[in-house]
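Residue numbers (full-length UniProt numbering), protein chains in the order written: chain A, 1 to 364; chain B, 1 to 381; chain C, 1 to 90.
Just so you know, even glycine gets a beta-carbon here, dropped at the ideal spot from N, CA and C.
A short write-up of the structure that comes next.
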């Protein structure tokens, strides 16, 4: 065996080893949604809570309730998510509609019809009540739009300086009405990869709203409930032809697809020119040296579908207002397994890595 | 985007690829170093190596200011950040870079107030908004970035912002190129010159490379067509037996550079006698410090620094990799002691460092040279 | 190193003399134009922006020259491409 081959094998063995958290303290990278988050979740939480429902680490858990041929069977999707966004209000949304839409979307990605939410609030001493009213109003509006009800909740107040105004945790329950078998591990060679619309707008909008970069652009967050457009897709492609649904939140499209490639042990090959990005988002990314593939979306999802039905899937997405600019962005190939490749617009190919740490603006 | 999209055109890239292939002499190989990390980024981001024939290889040089900053300087900066009342400001690039005692991200997690800025002017603004805090700008970068730091210091002096200072780590490209050229086992046929550095220093400073070392250099822009054109121009020089400094990036780089920028550097900064580069060791006259007249804005004088040198581990062979002498996997610690999670050397620090790239993508690169799914053939057709 | 992005000058930014408003793909940021002192700058001109400073004024003529370099190779180029394709087929 050549030396080079030995070195590559050694790297592969190291990659497969159980993830270990090396840091002594939590850093912001652990919350970025990328590799550090994965490592933390696997090495700390999965290790402690391990069970078959948690193990796939999907956007939500699928609970099959009821028993026996005579009994009533219900398939529930169950998920939870915490929302910490600064600033609380940003163009196109606020922490309130984000907290509803984000959890609704996690349920939608399980193929469920979202039904009920809980809402837990951690409020910082000094938060203007008017702000909280605004947040509650936008949660109510988002819940109405998503046809869910917020049926239980909790409120805690912490001392000034102990929280960033307001944190919200929502937990959601939805009913899986269709016979779906959605899984990140279900992508197969020959499948097509679609995205439901232009990517990166939420992350860019929030970044600019923070005001750190002195950049002005007409970018609004893409936060939106996706269960409607998902339902259209599932109806158009019944019988397991939709393999995987993932909403491209933290870590962006690149990270989500890396997770799919790894779970399914396949390669995902993307066409750069086909990936929809609004010009203003491109402009912000160019200025700050960011890659839109890693910028968070809150109203976009990635679908892996049977390649023979890609056009029908695209039509189904485009038939919904939230999917008007959907696109087929790539395909699934057998090799190189567990990798995402990008065929660049200029005609090259590169590897699209999972996000490492937060996407940081760079100068070089 | 204007001045961008037309230089990312696939047809133009394919035409250039054909031209490059046609200019290669059978049986000969060519190794060109792109000195600048920005070029390395373009090459990876656009998968440009697919457009190059096997005869042409690109060697990724030392022009990543984040990668070459020695660990001791990162430790000094972290020490400053830990002082009472200090706000440390930094470009995003540096936050993850490890020193001997950890990175900015780690220091931030341990309680230091470290903020990311897009421009040194943003750091100055933070200083003005926080008069009771001491605001330090962690200045890194080559001659491209040094003028912005200098202009910011001039502004701070003019406006009288006493709580602002700069921890100056600006480095200079020419001494680094010279260090590489002086290495005895050098295997390079030419250089792709750093475009944005040249927008400041101009093209004249590279003349000695062609004259004394007989290596051609083409100052290049940062879009795919720019880099491919530069490779084509380098091959043209070699084919015609010429050895010159050429400017492919004249739309941005005037031959004489930017005199205002050079003057600003000259006023605010002075040459250091020597400076350590991660992977390359000490290089004489290769970096800038704040000038005496601006001592009040010099974090090295405002703060007591430990100034402890953290030597590059002896087992690390980054210097050889940077010079193109060793392939990443030939390094003794590659993939064992030195990995992207625990980098030892500069080439593993940034994801575009030669070693980090090979660690992450080596399997793919190797598969590709074997020609999976005919993709390489497609992209070169 | 050194991320630099072409942006179009759209006007003065107000506040400081050295500041101008630059637009990149529909996105606007104030940039310092102090490093271009002595050069004539007008709205519609393009500059290279690096860390909030305009580092260089972009020359339209030279931008065209790069593209002309490719076209200038003209026929020999086409021949090269044809030759390459022919060699791929065999």
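Checklist entry - Along the chain, where does the alpha helix (DSSP H) that runs through residue 314/A open and close? => result 310–318
Checklist entry - Under a Cβ-count criterion, where at least 16 other Cβ atoms within 10 Å of its own Cβ denotes burial, should residue 18/A be classed as buried or exposed? => result exposed
Item to check | Rounded C-alpha distance that separates residue 21/B from residue 56/B | outcome: 9 Å
Checklist entry - Secondary structure at residue 94/A, three-state DSSP: helix, strand or coil? => result strand
Item to check | Cβ of residue 201/A within 8 Å of any chain C Cβ | outcome: no
Checklist entry - Can a CB atom of chain A be found closer than 8 Å to the CB of residue 51/C? => result yes
Next on the checklist: When you compare the CB of residue 219/B with every CB in chain A, is at least one pair closer than 8 Å?
Outcome noted: no
Checklist entry - When Cβ atoms are compared, which residues of the segment 76–92 of chain B fall closer than 9 Å to chain A? => result 91 and 92
Item to check | CB of residue 308/A within 8 Å of CB of residue 243/A, strictly | outcome: no
Checklist entry - Checking contacts by CB at 8 Å: is residue 198/A closer than that to chain C? => result no
Next on the checklist: What does DSSP give as the partner residue(s) for residue 154/A in the beta ladder?
Outcome noted: 120/A
Next on the checklist: For a cutoff of 8 Å on Cβ pairs, would you count residue 378/B as touching chain C?
Outcome noted: Residue placement at residue 378/B cannot be trusted, given a pLDDT of 32 that sits under 50; what the coordinates show is reported in the next sentence. With 8 Å as the cut-off, residue 378/B does not count as an interface residue toward chain C.
Checklist entry - Is there at least one Cβ from chain A nearer than 8 Å to residue 3/B's Cβ? => result no
Checklist entry - Who are the neighbours of residue 26/C on chain A, taking C-beta pairs under 8 Å? => result 217, 218, 279, 280 and 283
Checklist entry - Does any residue of chain C bring its CB to less than 8 Å from the CB of residue 362/A? => result yes
Next on the checklist: Suppose you measure from the CA of residue 118/B to the CA of residue 10/A; what does that come to, to the nearest Å?
Outcome noted: 39 Å
Item to check | Boundaries of the beta strand (DSSP E) in which residue 90/B is found, first to last residue | outcome: 86–90
Checklist entry - Counting only beta-carbon atoms, is residue 58/C nearer than 8 Å to chain A? => result no
Item to check | Backbone CA spacing between residue 45/B and residue 342/A [nearest angstrom] | outcome: 9 Å
Checklist entry - Is it buried or exposed for residue 215/B, if we count other Cβ within 10 angstroms and need 16 for buried? => result buried
Next on the checklist: With distance defined between alpha-carbon atoms, name the residue in 337/B, 360/B, 331/B and 350/B nearest to residue 3/A.
Outcome noted: 331/B
Checklist entry - Exposed or buried, what is residue 286/B when buried is set at 16 or more other beta-carbons lying within 10 Å of its beta-carbon? => result buried
Checklist entry - residue 308/B: buried (16+ other C-beta within 10 angstroms of its C-beta) or exposed? => result exposed
Next on the checklist: Buried or exposed, going by whether 16 or more other CB atoms sit within 10 Å of the CB of residue 46/C?
Outcome noted: buried
Checklist entry - Is the Cβ of residue 350/B closer than 8 Å to any Cβ of chain C? => result no
Checklist entry - Among 340/B, 86/B and 149/B, which has the Cα closest to the Cα of residue 130/B? => result 86/B
Checklist entry - Can you find at least 3 beta carbon pairs, one from the segment 132–144 of chain B and one from the segment 164–183 of chain B, that sit closer than 8 Å? => result yes
Item to check | Buried versus exposed, by CB contacts within 10 Å (16 or more), residue 315/B | outcome: exposed
Checklist entry - Going along the chain, which residues of its own chain have a beta-carbon closer than 6 Å to the beta-carbon of residue 333/A, five neighbours each way excluded? => result 189, 267 and 269
Next on the checklist: Just checking: is the beta-carbon of residue 293/A within a distance shorter than 8 Å of some beta-carbon in chain C?
Outcome noted: no
Checklist entry - Counting contacts by CB-CB distance shorter than 8 Å, is residue 276/B in contact with chain A? => result no
Checklist entry - According to DSSP, what are the bridge partners of residue 216/A? => result 28/C
Checklist entry - Less than 8 Å separating the beta-carbons of residue 294/A and residue 348/A? => result no
Next on the checklist: Do residue 166/B and residue 298/B have their beta-carbon atoms positioned less than 8 Å apart in this structure?
Outcome noted: yes
Next on the checklist: Nearest by alpha-carbon distance to residue 44/A: which of 216/A, 219/A and 23/A is it?
Outcome noted: 23/A
Checklist entry - If you run the structure through DSSP and keep just helix, strand and coil, what is residue 133/A? => result helix
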